[in-house]
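Engineer:
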Amino acid sequence: MLRDAVRSLAEAKISPHAAAVDEEARFPQEALDALVANDLHAVHVPEQYGGAGADALATVIVIEEVARACASSSLIPAVNKLGSLPVLLSGSEDLKKRYMTPLAKGDAMFSYCLSEPDAGSDAAGMKTKAVRDGDHYVLNGVKRWITNAGVSEYYTVMAVTDPTKRSKGISAFVVEKSDEGVSFGAPEKKLGIKGSPTREVYLDNVRIPADRMIGEEGTGFATAMKTLDHTRITIAAQALGIAQGALDYAKGYVQERKQFGKPIADFQGVQFMLADMAMKIEAARQLTYAAAAKSERGDSDLTFQGAAAKCFASDVAMEVTTDAVQLLGGYGYTRDYPVERMMRDAKITQIYEGTNQVQRIVMARNLP
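Structure (structure tokens):
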């Protein structure tokens, strides 16, 4: 029922704008409005804060179905979870009430600030600092590659509170867009997901109350990593949706396109490509859904399973979308058809929330 509801909504309200959102590189406001109206913009927020209280699997299905129509739009529910999960995992009850309630209502979005110009895969090498000053902290630094920056009202920011302790000297804070000293860089010009703004976040003597720290001082990096164990599965879901959208389109196309007097779907070479695409998508789906169940239960092997789902599903998405372009031939290479957009959008799923090379390191260190 959930899948049918989200698919119907995505096809009616999100899909018609997907090409224009990509072409104009603009935020998919239509998608946000439709998702908020149907309470699908942040389904993970627990019911006690006014949210839908969806479990990890339901969240995955929402993201998958939105991504099938428009990858940029699927980053609304995905990044709302990424940005707010540190608060849910480690924040005080007061912090949860204060920030989850407007998120659940659709009054605000939440972004996640971990990466920096010199701290990508090596996130513990960050330089953004938070210095205690009475009952406040003063933050200075630059965060890079921040999804939905400038649109989101709230930001979970990781900053160094004790430079002598490397990862154990990092703390997490909630920063608000309206805080004095917060500003944003120009939107990055990207290969794909052009409807989701990616910008730098500048923190220039941003003074925030100490009660906006998420958890204890020095626990921020642990919270950040724990968050990614859960949210990598949402990237697997996004990849899965992109791949499914490409397969669905290609499947329809090959039945219509005629060459040598018959639909190209009748040729065994084409049939085998479609069979492989469908098989790999199904394998990725099973891995992703199993990982979502583990995320919900908090299983001990979640770190491995989350990394495996993200890595496998994103590799599948890249392969399937490339094959979909091939199946459409010259038409697949043009913007008149959606598969070239899907191929461009798929690429980022192999890179963000930890590159697939990093996922393999994570898996190797956490072999079941």
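Here the UniProt record's numbering is used: position 103 in the sequence shown is 103, and no number is missing along the way.
Quick reminder that beta carbons are idealized off the backbone N, C-alpha and C, glycines included.
(1) Roughly how many whole angstroms lie between the Cα atoms of Ile348 and Gln305?
(2) Between Ala283 and Val316, is the Cβ-Cβ spacing less than 9 Å?
(3) Terminal residues of the continuous beta strand (DSSP E) containing Glu176?
(4) What residue does the alpha helix (DSSP H) around Cys311 start on, and which one ends it?
(5) Between the beta-carbon of Ser121 and the beta-carbon of Thr303, is there less than 9 Å?
(6) Helix, strand or coil for Asp133? Go by DSSP, reduced to three states.
(7) Rounded to whole angstroms, what's the CA-CA distance from Arg7 to Gln238? Just pull it up for me.
(8) Is the stretch 247 to 258 in contact with the stretch 287 to 299, if contact means three or more CB pairs nearer than 8 Å?
(9) Taking the Cβ atom as the reference point for each residue, do Phe110 and Met158 lie within a distance shorter than 9 Å?
(10) Reducing DSSP to helix, strand and coil, say where Gly83 ends up.
(11) Cβ of Glu353 within 9 Å of Cβ of Asp55?
(12) Just curious, the beta strand (DSSP E) that Met109 is in, first and last residue?
(13) How would you call Asn205, buried or exposed, if buried means at least 16 neighbouring beta carbons within 10 angstroms?
(14) Where does Met158 sit, in a helix, a strand or coil, going by DSSP?
(15) Suppose the cutoff is 6 Å on Cβ atoms and the five residues either side in sequence are ignored; what does the same chain contact list for Gly106 look like?
(16) Go through its chain and collect everything with a Cβ distance to Thr219's Cβ below 8 Å, but skip five positions before and after it.
(17) Are the CB atoms of Leu85 and Thr231 within a distance shorter than 9 Å?
(18) Counting C-beta neighbours from all protein chains within 10 Å, is the total for Arg365 16 or more, i.e. buried, or is it exposed?
(19) Which word fits Ala20, buried or exposed, when buried means at least 16 other C-beta atoms lie within 10 angstroms of its C-beta?
(20) How would you label Ser152, buried or exposed, when you count the other beta carbons within 10 angstroms and need 16 or more for buried?
(21) Quick check: the stretch 192 to 199 against the stretch 340 to 347, are at least 3 beta-carbon pairs closer than 8 Å?
(22) Going along the chain, which residues of its own chain have a beta-carbon closer than 7 Å to the beta-carbon of Asn38, five neighbours each way excluded?
(23) Helix, strand or coil: which one does DSSP assign to Asn366?
(24) For the alpha helix (DSSP H) holding Tyr289, just list the boundary residues, first then last.
(25) By the three-class DSSP mapping on this structure, what secondary structure does Met1 have?
(26) Measuring CB to CB, does Pro28 end up less than 9 Å from His44?
(27) Applying the criterion that 16 or more other CB atoms from any shown protein chain within 10 Å of the CB defines a buried residue, is Phe272 buried or exposed?
(28) Taking only three categories from DSSP, how would you classify Asn205?
(29) Please determine, among Ala313, Glu116, Ala78, the residue with the shortest C-alpha to C-alpha distance to Asn140.
(30) What did DSSP end up calling Gln259 once you bin it into helix, strand or coil?
Structural biologist: In short:
(1) Locating residue 348 in the sequence shown gives position 348, where the first residue counts as 1. Locating residue 305 in the sequence shown gives position 305, where the first residue counts as 1. Rounded to whole angstroms, Ile348 to Gln305 spans 20 Å at the Cα level.
(2) Residue numbering aside, residue 283 sits at position 283 when the sequence shown is read from its first letter. Residue numbering aside, residue 316 sits at position 316 when the sequence shown is read from its first letter. Between Ala283 and Val316, the C-beta gap is smaller than 9 Å, which places the two residues in contact.
(3) Translated into the one-based positions of the sequence shown, residue 176 becomes position 176. Per DSSP, Glu176 belongs to the beta strand (DSSP E) from 170 to 176.
(4) On the sequence shown, residue 311 is found 311 positions in, with the first residue counted as 1. If you look at Cys311, you'll find it in the alpha helix (DSSP H) that goes 302 to 327.
(5) In the sequence shown, residue 121 corresponds to position 121, counting from 1. In the sequence shown, residue 303 corresponds to position 303, counting from 1. Result no, Cβ atoms of Ser121 and Thr303 do not sit closer than 9 Å.
(6) If you number the sequence shown from 1, residue 133 lands on position 133. In this structure, Asp133 counts as strand in the three-state DSSP scheme.
(7) In the sequence shown, counting from the first residue as 1, residue 7 sits at position 7. In the sequence shown, counting from the first residue as 1, residue 238 sits at position 238. In a straight line, the C-alpha of Arg7 is about 14 Å away from that of Gln238.
(8) Contact fails: fewer than three Cβ-Cβ distances are below 8 Å.
(9) Position 110 of the sequence shown holds residue 110. Position 158 of the sequence shown holds residue 158. Against a cut-off of 9 Å, the Cβ pair of Met158 and Phe110 comes out as no contact.
(10) Within the sequence shown, the letter at position 83 stands for residue 83. It is helical.
(11) The residue labelled residue 353 in the question sits at position 353 within the sequence shown. The residue labelled residue 55 in the question sits at position 55 within the sequence shown. Their beta carbons are not under 9 Å apart, which means Glu353 does not touch Asp55 by this criterion.
(12) For the purposes of this step, residue 109 is taken as residue 109 along the sequence shown, with counting starting at 1. Where Met109 is concerned, there is no enclosing beta strand (DSSP E), given that its DSSP letter is neither H nor E.
(13) Here residue 205 refers to the residue found at position 205 when the sequence shown is read from its first residue. When all chains shown are included, Asn205 counts as exposed.
(14) Taking the sequence shown and counting its residues from 1, one reaches residue 158 at position 158. Note: Met158 maps to strand in three-state DSSP.
(15) Residue mapping note: residue 106 aligns to position 106 of the sequence shown, counting from 1. Counting only residues of its own chain and dropping the five nearest sequence neighbours on each side, Gly106 has a CB closer than 6 Å to the CB of Val36, His41.
(16) On the sequence shown, residue 219 is found 219 positions in, with the first residue counted as 1. Within the same chain, Thr219 has close Cβ partners Ser90, Ser171, Ala172.
(17) In the sequence shown, the residue the question calls residue 231 occupies position 231. In the sequence shown, the residue the question calls residue 85 occupies position 85. Taking 9 Å as the cut-off, the beta carbon of Thr231 is found closer than this to the beta carbon of Leu85.
(18) Position 365 of the sequence shown holds residue 365. Under a 10 Å Cβ-count criterion, Arg365 is classified as exposed, with fewer than 16 other Cβ atoms of the shown protein chains found around its own Cβ.
(19) Here residue 20 refers to the residue found at position 20 when the sequence shown is read from its first residue. With fewer than 16 other Cβ atoms within 10 Å, it is exposed.
(20) For this step, residue 152 is matched to residue 152 along the sequence shown. Buried is the call here.
(21) The stretch 340 to 347 is in contact with the stretch 192 to 199.
(22) Position 38 of the sequence shown holds residue 38. If we look at Asn38 and ignore the five residues flanking it on each side, its Cβ neighbours are Leu9.
(23) For the purposes of this step, residue 366 is taken as the residue at position 366 of the sequence shown. In this structure, Asn366 counts as coil in the three-state DSSP scheme.
(24) As a first step, residue 289 must be located in the sequence shown, where it is residue number 289. Looking at the DSSP string, the run of the alpha helix (DSSP H) that includes Tyr289 is 268 to 297.
(25) Residue 1 sits at position 1 when you count from the first residue of the sequence shown. In the displayed model, Met1 falls within coil according to three-state DSSP, outside both helix and strand.
(26) The residue given as residue 28 occupies position 28 in the sequence shown. The residue given as residue 44 occupies position 44 in the sequence shown. Between Pro28 and His44, the C-beta spacing is not below 9 Å.
(27) Stepping through the sequence shown from its first residue, residue 272 is reached at position 272. Around the beta-carbon of Phe272, fewer than 16 other beta-carbon atoms lie within 10 Å, marking it exposed.
(28) Here the question's residue 205 lines up with position 205 in the sequence shown. Here Asn205 sits in strand by DSSP.
(29) Here residue 140 refers to the residue found at position 140 when the sequence shown is read from its first residue. Nearest to Asn140 by alpha-carbon distance, out of Ala313, Glu116, Ala78, is Glu116.
(30) The count along the sequence shown starts at 1 and reaches residue 259 at position 259. Judged by DSSP in its simplified three-state form, Gln259 adopts strand.
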